[in-house]
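Chemist: This is the structure, below, for whatever I ask next.
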Amino acid sequence: MTKVSYRRYTDLPALIHILTNRTLTLLDPSFWDDKNDSYFLATYKEKKELQSVLALCFTKESETYHHWRVFSSGASGACINFNPEQLETAFARAKGVKFKEVNYLALKELRENRPTIAQLPFVKRIPYKHEKEFRALWESESDKVGFLDVPIDIASITRITLSPWMHPSLREDVVKLLKMIDGCKSIPIVRSTLTENARWKSYGASAR
């Protein structure tokens, strides 16, 4: 049975950085939109007396409007598909990096069964359950740093999807530029048709 790929929603500058440097960059989560989430990570950092906590998020959910709107950057958004075994191997080889599935809990569950300190970075509220998130986490007791680069094999990238809001006239030039990056010529690069799909509309047009 084929394993579901991991997806990373991002923007074109970050995508170019990943392809050019062949690294995934874990960052400080204190600026995340979900303040419940960032609070749990800040609490984890405080309770463990850490100097640094860095994270990077992925999903195993298929393409959704929510993921594009929340985790990418409008017309310059992009979604990177990763081979699951190769991505897991990259994180396993990175010293000190944990890669785990996020656990989604209701307020009642959290009230009745308080999380351990170790669970804090991998817990979110149940309204986010549809995100099917997986999270890479790195921490340090001694080093205060703002990012961590994890090396990846460019072959672990199985597909790149450009934003559904990218104007169709721009797609060809963007694809051409991305494929000029060393090692990227054979990566499939497409524009998402999530918000406008010709086949979907043709089926509606044939209604009778």
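Each residue of the sequence shown is one higher than the last, beginning at 1 in full-length UniProt numbering. C-beta: ideal position from N, C-alpha, C; glycine also.
1. Which runs of the alpha helix (DSSP H) spanning at least 4 residues fall entirely within the segment 114–197, listed in chain order?
2. Are at least three pairs of beta-carbons, each pair with one atom in the segment 175–195 and one in the segment 149–162, less than 8 Å apart?
3. Compare the beta carbon distance of F147 and T25 with 8 Å and say whether it is the shorter of the two.
4. If you compare alpha carbons, which of Y6, L87 and N103 is closest to K60?
5. Buried or exposed: which applies to D37, given that a residue is buried once 16 or more other Cβ atoms fall within 10 Å of its Cβ?
6. Is it the case that the CB of V175 approaches a heavy atom of the ligand GTP more closely than 7 Å?
7. Going by DSSP in three states, E61 sits in which element: helix, strand or coil?
8. Just to confirm, is the Cβ distance from S52 to K144 under 8 Å?
9. Check the DSSP bridge columns for I80 and list the partner residues they point to.
10. Determine the direct distance from the alpha carbon of A42 to that of E49, and round the result to whole angstroms.
11. The beta strand (DSSP E) spanning K98 covers which residue range?
12. By how many angstroms is the C-alpha of L15 removed from the C-alpha of H66?
13. What is the DSSP secondary structure of A94, counted as helix, strand or coil?
14. Could you tell me whether the Cβ atoms of V97 and W32 are closer together than 8 Å?
Modeler: The relevant details are as follows:
1. Fully enclosed alpha helix (DSSP H) runs of no fewer than 4 residues occupy 168–179 of the segment 114–197, in order along the chain.
2. yes
3. Yes, they are a contact pair.
4. Y6
5. With 16 or more other Cβ atoms from the protein chains shown falling within 10 Å of its own Cβ, D37 counts as buried.
6. Summarising the ligand content, the structure contains no ligands, and the ligand GTP is consequently not present.
7. In the three-state DSSP reduction, E61 falls in the coil class, being neither helix nor strand.
8. yes
9. R8 and I160
10. 10 Å
11. V97 to E101
12. 20 Å
13. coil
14. no
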